[in-house]
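Trainee: Let me begin by handing over the structure; questions about it come next.
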Amino acid sequence: MTTPVRITVTGAAGQIGYALLFRLASGEVLGPDVPVRLGLLEIPAATRAAEGVAMELDDCAFPLLDGVDVFDDPRAAFDGTNLALLVGARPRGPGMERGDLLAANGAIFGPQGEAIGAGAADDVRVLVVGNPANTNALITAAHAPDVPRDRFTAMTRLDHNRALTQVARRADVPVGDVRRVTIWGNHSATQYPDVFHAEIAGRPAADVLHVPEDGAGWLTDDFVPTVAKRGAAIIEVRGGSSVASAANAALDHVHDWYRGTPEGDWTSAGVVSDGSYGVPEGLVSSFPVTARDGRFEIVQGLELNAFSRARLDASVAELAAERDTAASLALL
Ligand code: NAD
Ligand code: LMR
Numbered sequence: 001m002t003t004p005v006r007i008t009v010t011g012a013a014g015q016i017g018y019a020l021l022f023r024l025a026s027g028e029v030l031g032p033d034v035p036v037r038l039g040l041l042e043i044p045a046a047t048r049a050a051e052g053v054a055m056e057l058d059d060c061a062f063p064l065l066d067g068v069d070v071f072d073d074p075r076a077a078f079d080g081t082n083l084a085l086l087v088g089a090r091p092r093g094p095g096m097e098r099g100d101l102l103a104a105n106g107a108i109f110g111p112q113g114e115a116i117g118a119g120a121a122d123d124v125r126v127l128v129v130g131n132p133a134n135t136n137a138l139i140t141a142a143h144a145p146d147v148p149r150d151r152f153t154a155m156t157r158l159d160h161n162r163a164l165t166q167v168a169r170r171a172d173v174p175v176g177d178v179r180r181v182t183i184w185g186n187h188s189a190t191q192y193p194d195v196f197h198a199e200i201a202g203r204p205a206a207d208v209l210h211v212p213e214d215g216a217g218w219l220t221d222d223f224v225p226t227v228a229k230r231g232a233a234i235i236e237v238r239g240g241s242s243v244a245s246a247a248n249a250a251l252d253h254v255h256d257w258y259r260g261t262p263e264g265d266w267t268s269a270g271v272v273s274d275g276s277y278g279v280p281e282g283l284v285s286s287f288p289v290t291a292r293d294g295r296f297e298i299v300q301g302l303e304l305n306a307f308s309r310a311r312l313d314a315s316v317a318e319l320a321a322e323r324d325t326a327a328s329l330a331l332l
């Protein structure tokens with residue numbers, strides 16, 4: 001058997017953890033010939049529940065599952081890790097914005113970043129799911145200065161998938177006909193889901209959907225708020241924050257990171273900005289990205305019209321403000 005990929009999942013006894021671990025172990029994400037070893041990191045009060053999850057993983061008899069280890073110590077949990085899924089964090093409740101979680105959740109990510117820097121494998125890749133995901137990824141990266149910046153990502157794939165479905169519904173086409181939508185900025189209500197470069201069955205989405213350059217009508221009144229506020233809508237209707245769709249998006253992100261984005265398409269991910277599109281270097285912002293050979297690359301050269309520019313700038317301003325709040329809380 002080839003050497004297993006070591007995957008550490010934090011918050012492994014939580015809801016999203018439960019929805020993603022079994023699919024990671026099944027082989028559907030990294031591939032049918034890639035063995036995995038799972039590390040489940042929890043707070044001490046939840047390690048017993050994590051042991052129960054480990055027992056259930058055993059009971060699936062997944063041929064690709066090399067083993068499961070439960071940890072309450074980040075140093076031990078991230079030792080030798082190739083892939084770290086940082087899910088463990090409190091979800092928001094009704095009436096809250098995700099940024100309101102910074103004070104409660106931010107302190108989780110510094111020690112985890114330090115542990116990743118201290119002991120993870122040389123090829124470690126990190127996906128932050130716990131909210132506020134972009135700024136938590138920034139905190140994690142800041143505590144692991146020797147790990148290359150392109151290994152730290154935040155999840156905006158759920159927003160991307162939500163945008164695909166909204167466009168497909170509007171155009172009355174199968175979701176597979178929609179390509180090249182983009183989520184820009186923060187995983188928050190200021191995010192900018194962009195259809196100006198999207199295609200529907202090979203035609204420009206803006207033409208098919210009759211979207212004017214100034215975004216008036218459906219784009220501004222319906223599409224952008226529906227996607228940007230979908231998390232809050234799920235909380236209101238379901239009575240709790242998204243779980244299965246979030247786990248699915250995390251696995252889509254990991255799948256594409258390891259196995260590549262489809263030819264001619266791109267996805268969205270929060271990555272450490274290199275200054276592209278005027279986003280200040282170092283902020284973790286969502287961009288259109290392709291993945292090849294295990295690396296995300298920001299898609300370059302897209303024209304942003306005035307409407308898109310203003311939306312992106314507003315979301316980036318929020319990211320800068322979250323970074324400043326994190327600094328004032330001594331999280332950076
Ligand atoms: P949950 O409350 O069901 O589970 C969270 C788990 O994290 C708990 O088991 C808790 O014990 C554990 N935990 C807390 N602190 C920890 C630490 N320091 N180390 C390890 N584990 C720790 O929550 P959930 O529904 O699984 O959501 C988890 C997070 O994901 C929330 O912050 C939520 O807002 C976020 N989320 C993000 C997205 C996104 O698109 N980026 C989507 C959905 C949810
Ligand atoms: C989501 O987008 O569903 C998650 O970030 C959960 C939330 O708080 O909205």
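Quick note: the sequence shown, position 207, residue 207 per UniProt numbering, numbers continuous. Idealized CB from N, CA, C, for every residue including glycine. Quick caveat: nothing in here was measured; it's all calculated off a predicted structure.
So, does the region 70-80 touch the region 46-62, judging by three or more C-beta pairs under 8 Å?
Mentor: Cβ pair count under 8 Å is three or more, so yes.
Trainee: Please indicate yes or no: does the CB of alanine 249 lie closer than 7 Å to some heavy atom of the ligand NAD?
Mentor: At least one heavy atom of the ligand NAD is nearer than 7 Å to the Cβ of alanine 249, so yes.
Trainee: When every heavy atom of the ligand NAD is checked, does at least one fall within less than 7 Å of the C-beta of proline 193?
Mentor: No; taking the cut-off as 7 Å, the Cβ of proline 193 has no heavy atom of the ligand NAD nearer than that.
Trainee: Would you mind reading off the limits of the alpha helix (DSSP H) that contains tryptophan 184?
Mentor: First-last for tryptophan 184: 182-184, but that is the beta strand (DSSP E), not the alpha helix (DSSP H).
Trainee: Just to confirm before moving on: does the CB-CB distance between leucine 21 and leucine 64 stay below 8 Å?
Mentor: Their beta carbons are not under 8 Å apart, which means leucine 21 does not touch leucine 64 by this criterion.
Trainee: Ordered along the chain, which non-local residues of its own chain (more than five positions away) have a Cβ less than 6 Å from that of glycine 27?
Mentor: Excluding residues within five positions, the ones whose Cβ falls inside 6 Å are Leu64.
Trainee: So the alpha helix (DSSP H) isoleucine 139 belongs to, where does it begin and stop?
Mentor: From DSSP, the alpha helix (DSSP H) with isoleucine 139 extends over 133-142.
Trainee: List, from N- to C-terminal side, the alpha helix (DSSP H) runs of 4 residues or more that fit wholly inside the region 56-135.
Mentor: List check, alpha helix (DSSP H) in window: 74-78 and 102-119.
Trainee: DSSP beta-bridge partners for glycine 14?
Mentor: None, per the DSSP bridge assignment.
Trainee: Is the beta carbon of serine 268 less than 8 Å from the beta carbon of histidine 197?
Mentor: No, the pair does not count as a contact, with Cβ atoms beyond the cut-off.
Trainee: Here's the rule: buried if 16 or more other CB atoms are within 10 angstroms of the residue's CB, otherwise exposed. What is histidine 143?
Mentor: Buried: at least 16 other Cβ atoms inside 10 Å.
Trainee: Hey, is the region 309-317 in contact with the region 171-187, meaning 3+ C-beta pairs nearer than 8 Å?
Mentor: Contact holds: three or more Cβ-Cβ distances are below 8 Å.
Trainee: Is the CB-CB distance between threonine 10 and glutamine 112 below 8 Å?
Mentor: Yes, Cβ-Cβ distance for threonine 10 and glutamine 112 is below 8 Å.
Trainee: If we count the other Cβ atoms within 10 Å of its Cβ and call it buried at 16 or more, is alanine 306 buried or exposed?
Mentor: Under this definition alanine 306 is an exposed residue.
Trainee: Taking 7 Å as the line, does the beta carbon of histidine 187 fall inside it for any heavy atom of the ligand PLP?
Mentor: Summarising the ligand content, the structure contains the ligand NAD and the ligand LMR and does not contain the ligand PLP.
Trainee: If you follow the alpha helix (DSSP H) that tyrosine 258 is part of, which residue opens it and which one closes it?
Mentor: From DSSP, the alpha helix (DSSP H) with tyrosine 258 extends over 244-259.
Trainee: Return the CA-CA distance between alanine 249 and proline 212, expressed in angstroms with no decimal places.
Mentor: Between alanine 249 and proline 212, the C-alpha separation is close to 30 Å.
Trainee: On the premise that valine 167 lies in contact with residue 334, defined as a C-beta separation below 8 Å, what is that separation, rounded to the nearest angstrom?
Mentor: Outside the shown range of the chain (1 to 332) lies residue 334, about which nothing can therefore be said.
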